[in-house]
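K.L.:
What follows is a structure written as structure tokens; I'll ask about it next.
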Amino acid sequence: MALDVSRALMYPGQSYPFEEAVTLPTMEILDDMVSFEEVRLAGTFTGAEKIVGFSGTLVATVHAHCGRCVSDVARSVRLPFDEAFAKTPDPDDPDLYPLDGHTVDLTDLAKDVLLLDLPMRFLCSQACKGLCPVCGVNRNIQRCTCQEGGTKLPNPFSALSEMLTKDEEV
Ligand SMILES: [Zn+2]
Ligand SMILES: [Zn+2]
Numbered sequence: 071m072a073l074d075v076s077r078a079l080m081y082p083g084q085s086y087p088f089e090e091a092v093t094l095p096t097m098e099i100l101d102d103m104v105s106f107e108e109v110r111l112a113g114t115f116t117g118a119e120k121i122v123g124f125s126g127t128l129v130a131t132v133h134a135h136c137g138r139c140v141s142d143v144a145r146s147v148r149l150p151f152d153e154a155f156a157k158t159p160d161p162d163d164p165d166l167y168p169l170d171g172h173t174v175d176l177t178d179l180a181k182d183v184l185l186l187d188l189p190m191r192f193l194c195s196q197a198c199k200g201l202c203p204v205c206g207v208n209r210n211i212q213r214c215t216c217q218e219g220g221t222k223l224p225n226p227f228s229a230l231s232e233m234l235t236k237d238e239e240v
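Basically the numbering used here = 1-based index in the sequence shown + 70.
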């Protein structure tokens, strides 16, 4: 959504409050589908010559999947930001966002702030037991016989070493 900042350009040094909702598409990040809901930015914007600075707080709910058991994970985030929009790109400052006439679009800013905060992987809890590598049950919810019976898990390396030994025999 476009936010009109003509006041800030007209009266540099003056701060104006703003509150904006932003819609972001679901993104594939590190093999996970991550979606963002209720993304809102609030704070103030201040004009300087040909530049409008935005600072405030972004709040959102991030939906992703646990890296161990793939169950849904929802995380509320509250992130500070302090960025600027410029009419002309400055080669010395590639972090400036483009100012289109008298309006700015906070979508890219919101996306960048959120992506910077993403963990390497989401976990439903630090203690998540993950999925059984043998039968695939979610070990947080139920135990499987692979564990209860004390059955030895097939070791992928034993099969490999068997193949290697056979190879040597030939
Ligand atoms: Zn989990
Ligand atoms: Zn199992």
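Ideal Cβ placement from N, Cα and C applies to all residues, glycine included.
Measuring straight from C-alpha to C-alpha, what distance separates tyrosine 251 and valine 132?
P.N.:
Past the boundaries of the shown model lies residue 251; the chain is included only from 71 to 240, so the question cannot be answered.
K.L.:
In whole angstroms, give me the CA-to-CA distance for glycine 113 and threonine 127.
P.N.:
About 6 Å.
K.L.:
Under three-state DSSP, which class holds aspartate 162?
P.N.:
Residue state, collapsed to three classes: coil.
K.L.:
For a quick check, are the C-beta atoms of alanine 156 and leucine 176 less than 8 Å apart?
P.N.:
Cβ atoms of alanine 156 and leucine 176: not closer than 8 Å.
K.L.:
Using 7 Å as the cut-off, classify the Cβ of serine 85 as near or not near the heavy atoms of ligand 1, replying yes or no.
P.N.:
No.
K.L.:
Out of Tyr167, Pro164, Glu107, point me to the one whose CA is closest to valine 147's CA.
P.N.:
For valine 147, the nearest C-alpha among the options comes from Glu107.
K.L.:
Can you list the residues near ligand 1, meaning Cβ strictly closer than 7 Å to any non-hydrogen atom, in the order they appear in the chain?
P.N.:
The filter returns Cys136, Arg138, Cys139, Ser141, Leu193, Cys194, Ser195, Cys198, Gly200, Asn210, in chain order.
K.L.:
Decide if the stretch 136-144 is in contact with the stretch 73-92; the criterion is three or more beta carbon pairs, one per stretch, under 8 Å apart.
P.N.:
Touching, no, given that fewer than three Cβ pairs across the two stretches are closer than 8 Å.
K.L.:
Where does valine 183 sit, in a helix, a strand or coil, going by DSSP?
P.N.:
Note: valine 183 maps to helix in three-state DSSP.
K.L.:
For ligand 2, is there a heavy atom less than 7 Å away from the beta-carbon of valine 207?
P.N.:
It does: the Cβ of valine 207 is within 7 Å (strictly closer) of some heavy atom of ligand 2.
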